[in-house]
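Note sheet for the following structure.
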Amino acid sequence: MSTRSVQRRISGADLEFVGYLRAPHEAKPTALGLWTKATDVDGRCLLVPELIAAAIYPGEAATEQVILHVLMLEESGFLVRYEHEGAEVLALRRPLKADTRGATSEIPPPPPLGVPRNSAAMGGEGARERAQARVRAEQAERDGEWAAWRERAERAAPPRRPLLMDAPPIGCPDHPNGRFGPCGPCGTARRQHDLWIEQQRHTDRETAWEAQTDEPGEEW
6 MSTRSVQRRI SGADLEFVGY LRAPHEAKPT ALGLWTKATD VDGRCLLVPE LIAAAIYPGE
66 AATEQVILHV LMLEESGFLV RYEHEGAEVL ALRRPLKADT RGATSEIPPP PPLGVPRNSA
126 AMGGEGARER AQARVRAEQA ERDGEWAAWR ERAERAAPPR RPLLMDAPPI GCPDHPNGRF
186 GPCGPCGTAR RQHDLWIEQQ RHTDRETAWE AQTDEPGEEW
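For the record, in the sequence shown the residue sitting at position 95 is 100 according to this note's numbering, with numbers rising by one throughout.
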């Protein structure tokens, strides 16, 4: 882009440029990189997201991030996109001041404001709309995951089997003749009655649980 390397430094005035101030915080590292690394002496470069990502974020998979940031920076007024000889390019609205003697740009300046510009490489939608669409898609995916989790968490657990139903058989070695058969004097009949009631209650709880589960018989 440029016939020689040009030293460029960001000044306090540059950081107060409204296009930079209005840029979303997450896009500002890309703005700084466009100022110092990815554009030529006049603040212009081919709009190839892969090349810009390699210049600003070497060694990182940042192409998708750069695409989103460029759209955000265009919306904030930090840069402008336009076409030159069939290729999409970008130009910073406030290039850094530098000694430009002997340095030239191969890319012409952007057309005047109000002249329609094509945007083939990046798409014509606004940065905010693109970002909002992505956030909505991600949120819809998370909502689906949480809905499934809530459904599983809210599903009632099966009732616990009463201990009385798993207790040893009712009987007493002190019965007449040392047998474990029913014996009125030691309350065997009463205990059998209680066991029958407990079994009925457990059956009722099982019935209620089976009725409210989506998949009857599912084990927990």
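The beta carbon of each residue, even a glycine, is placed where N, CA and C say it ideally should be.
Integer-rounded CB distance, given that residue j should sit under 8 Å from residue i
i, j, result
"A43", "M77", "Actually they are not in contact, since the Cβ atoms of A43 and M77 sit about 16 Å apart, beyond 8 Å."
"I57", "V71", "5 Å"
"H207", "P164", "7 Å"
"R14", "L101", "7 Å"
Paired residues, beta bridge with residue i - DSSP
i, result
"E88", "E93"
"R49", "A96"
Boundaries of the alpha helix (DSSP H) in which residue i is found, first to last residue
i, result
"L78", "68–81"
"L20", "17–20"
"Y25", "23–26"
"P34", "33–38"
"A58", "54–61"
Residues near residue i in its chain [Cβ-Cβ closer than 8 Å; skip 5 each side]
i, result
"K33", "Y25"
"I112", "M6, D45, D47, R49, C50, L51, H89, V94, A96"
"M170", "L200, E203, Q204, H207"
"E211", "P163, P164"
Sequence-distant residues of its chain with Cβ nearer than 7 Å to residue i (five each side left out)
i, result
"W201", "none"
"P63", "none"
For residue i, the nearest candidate out of the options (CA to CA)
i, options, result
"G48", "A18, G64, L37", "L37"
"I61", "L39, S81, E79", "L39"
"A18", "E146, R99, H30, D148", "R99"
"H30", "A213, P116, V75", "V75"
"T35", "V23, F83, A152", "F83"
Own chain partners of residue i with C-beta closer than 6 Å, once the 5 adjacent residues on each side are dropped
i, result
"T68", "P54, E55, A58"
"S16", "none"
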